[in-house]
Ligand SMILES: Cc1cc2nc3c(=O)[nH]c(=O)nc-3n(C[C@H](O)[C@H](O)[C@H](O)COP(=O)(O)OP(=O)(O)OC[C@H]3O[C@@H](n4cnc5c(N)ncnc54)[C@H](O)[C@@H]3O)c2cc1C
């Protein structure tokens with residue numbers, strides 16, 4: 217006799233899959249979570265190497281302030297994500313200047329005023345911080361959003377949501393048009409703002425809505441350094457899921473799926489599974505181009521306006537400094553343009569590095585099309601990786617020489633081909649839908665796909681990228697069931 221079908225089969229155990237699986241299992245549904253890799257986490261996963269543990273993609277946590285999505289998950293599931301909230305989470309290194317990006321807005325405004333005098337930092341950052349707070353408060357009130365049917369629209373008749381109407385104008389203009397004297401062309405300060413925004417919303421200040429800039433630029437107010445890295449976050453979520461009765465199958469690569477009557481048949485490298493509903497944490501780009509199903513053209517229609525994604529180059533370092541680095545995040549501007557983002561493990565976090573050492577993940581944006589013609593064995597590809605390793609080595613040696621570098625080693629370099637291989641993301645597209653003024657997040661691909669009973673969660677859907685965005689998306693989706 218065939219076992220009864222699962223209520224939900226979830227494809228992929230990235231942040232979106234893990235959070236959705238937990239929320240549905242908590243509601244009492246019979247849930248199966250299928251993951252291709254031998255670790256959960258996807259772009260927020262890790263790898264271990266001789267006593268060190270490296271976060272492969274995401275390194276910063278946010279979404280705890282203003283009762284944000286991560287705080288909600290902790291409450292709903294009775295979990296605790298351990299982390300550290302440093303007063304000074306980030307430094308920005310540019311030319312001869314080092315800027316302290318304090319968590320506290322007043323201290324940050326003072327830092328800016330001292331280093332970039334003559335600009336009205338106070339008015340701008342007070343406004344941005346207030347917009348950020350109001351956006352999160354509004355986001356907390358959303359249910360079953362973006363709306364698809366009448367019952368979803370009725371949920372919008374909430375007096376608290378009407379307060380959000382005041383935020384609409386900041387979706388229609390940029391920071392540049394709102395504060396024209398502030399974001400001036402060809403200034404070092406413009407570069408500071410642009411590079412800061414790139415790491416949170418994947419675009420520059422002139423290209424995104426003021427509201428999006430506010431949320432992206434203010435995210436250091438809410439940064440938490442995950443203790444034990446994302447390995448620990450994934451452990452907590454996967455153990456919670458199985459203790460709620462969920463079934464997690466690792467190394468189960470979904471190869472295709474189809475509909476049979478009103479159920480879905482999911483074929484993996486290790487057999488078939490039947491689900492009444494499917495939630496795909498495999499992003500729309502992969503569903504549209506790579507994964508075998510009769511619905512590829514439907515997915516292609518959904519995602520076609522959102523294919524301008526970024527890829528990432530990453531590096532993973534073992535570091536020993538005389539004076540351990542206790543500021544976890546460093547954005548270093550490069551002379552040739554762009555920046556490198558160094559994330560240090562907390563000194564003494566022995567889950568991440570042996571005593572006296574630190575594990576460091578480095579990342580930067582890169583256009584994925586540069587890799588379209590490469591295979592992993594190409595000499596040009598190998599040269600590109602070697603080049604990046606040299607850039608990391610040079611930048612690290614110069615930026616952190618004051619800390620007394622005793623030893624360091626770049627143990628591995630990742631590219632869009634690496635992300636494609638380990639996370640299955642089409643062409644190594646990472647970082648989610650790129651924000652742009654022309655397409656506010658409400659127009660991002662929805663969780664409800666064009667296929668009845670098939671849903672998508674993760675950074676290819678509303679409200680977009682990052683652990684915080686993906687978690688919020690999973691909360692909104694699972695609220696429907
Ligand atoms: C270099 C880098 C740095 C980043 N830094 C940050 C940061 O500091 N803070 C932050 O919040 N965000 C950061 N991000 C973004 C963040 O990591 C992602 O937005 C988020 O983790 C995406 O989660 P997801 O659930 O949407 O998808 P994914 O992480 O892609 O998860 C999808 C899962 O599905 C699995 N899968 C794929 N195909 C199959 C298949 N056929 N069968 C079974 N399973 C499959 C994958 O293995 C994976 O586990 C960063 C991303 C990168 C790449």
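In the working numbering, the protein residues as written are 217 to 697. A virtual CB, placed ideally from N, CA and C, is assigned to each residue, including glycine.
Range covered by the beta strand (DSSP E) that runs through residue i
| i | result |
| --- | --- |
| residue 237 | No beta strand (DSSP E) holds residue 237; the alpha helix (DSSP H) holding it covers 231-242. |
| residue 555 | 555-560 |
| residue 575 | 574-582 |
| residue 548 | 545-549 |
| residue 394 | Residue 394 -> not in any beta strand (DSSP E); alpha helix (DSSP H) instead, spanning 391-394. |
Of the listed residues the options, nearest to residue i (C-alpha basis)
| i | options | result |
| --- | --- | --- |
| residue 502 | 234, 642, 294 and 251 | 642 |
| residue 518 | 268, 417 and 662 | 662 |
| residue 442 | 278, 646 and 466 | 278 |
| residue 350 | 282, 300, 293 and 311 | 282 |
| residue 254 | 242, 228 and 244 | 228 |
| residue 648 | 601, 528, 692 and 538 | 528 |
| residue 615 | 525, 439 and 550 | 550 |
| residue 473 | 465, 467, 484 and 311 | 484 |
| residue 300 | 439, 526 and 248 | 439 |
| residue 536 | 520, 526, 558 and 563 | 563 |
| residue 582 | 592, 525 and 341 | 525 |
| residue 448 | 689, 556, 257 and 286 | 257 |
| residue 377 | 393, 391, 352 and 399 | 352 |
| residue 231 | 420, 656, 249 and 244 | 249 |
| residue 453 | 237, 343, 573 and 686 | 237 |
| residue 407 | 553, 532 and 574 | 553 |
| residue 243 | 225, 287, 292 and 274 | 292 |
| residue 475 | 653, 347, 573 and 490 | 490 |
Where the alpha helix (DSSP H) through residue i begins and ends
| i | result |
| --- | --- |
| residue 612 | 595-615 |
| residue 291 | 285-293 |
| residue 419 | It is not in any alpha helix (DSSP H) - residue 419 carries neither H nor E in the DSSP assignment. |
| residue 430 | 426-433 |
| residue 368 | 366-370 |
| residue 633 | 632-639 |
| residue 699 | Beyond the ends of the chain as shown, which are 217 and 697, falls residue 699; an answer cannot be given. |
| residue 339 | 337-357 |
| residue 378 | 375-378 |
| residue 688 | 682-694 |
| residue 269 | No alpha helix (DSSP H) holds residue 269; the beta strand (DSSP E) holding it covers 268-271. |
Same chain, Cβ closer than 7 Å to residue i, five either side skipped, listed in chain order
| i | result |
| --- | --- |
| residue 217 | At residue 217, the pLDDT of 46 sits below 50, so the modelled position is not reliable and the matter cannot be decided from this model. |
| residue 374 | 357 |
| residue 362 | 658, 662 and 678 |
| residue 290 | 296 and 297 |
| residue 328 | 337 |
Same chain only: Cβ atoms within 6 Å of residue i, ignoring 5 sequence neighbours per side
| i | result |
| --- | --- |
| residue 511 | 667 |
| residue 669 | 493 |
| residue 271 | 262, 445, 446 and 577 |
| residue 325 | 337, 338 and 341 |
| residue 688 | 285 and 679 |
| residue 287 | 280 |
| residue 601 | 629 |
| residue 543 | 304 and 307 |
| residue 348 | 430, 431 and 434 |
| residue 225 | 248, 482, 489, 491 and 494 |
Anticipated Cβ contact below 8 Å, residue i with residue j, distance rounded
| i | j | result |
| --- | --- | --- |
| residue 370 | residue 664 | Actually they are not in contact, since the Cβ atoms of residue 370 and residue 664 sit about 17 Å apart, beyond 8 Å. |
| residue 305 | residue 317 | 7 Å |
| residue 608 | residue 692 | Rounded, the Cβ-Cβ distance is 38 Å, inconsistent with contact. |
| residue 464 | residue 458 | 6 Å |
| residue 386 | residue 427 | 4 Å |
| residue 627 | residue 534 | 6 Å |
| residue 674 | residue 436 | Residue 674 to residue 436, Cβ: 24 Å. No contact. |
Neighbourhood of residue i by C-beta distance below 8 Å, restricted to the same chain and skipping five residues each side
| i | result |
| --- | --- |
| residue 597 | 587, 590, 591, 631 and 633 |
| residue 413 | 419, 420, 421, 424, 429, 432 and 433 |
| residue 314 | 307 and 308 |
Residue i CB to nearest heavy atom of ligand 2 below 6 Å
| i | result |
| --- | --- |
| residue 237 | Questions concerning ligand 2 fall outside what the structure shown contains, since the ligands it does hold are ligand 1. |
task = Within the region 460-523, note down every full alpha helix (DSSP H) run reaching 4 residues or more, in order along the chain.
result = The alpha helix (DSSP H) runs of length 4 or more contained entirely in the region 460-523 are, from start to end of the chain, 500-505 and 512-519.
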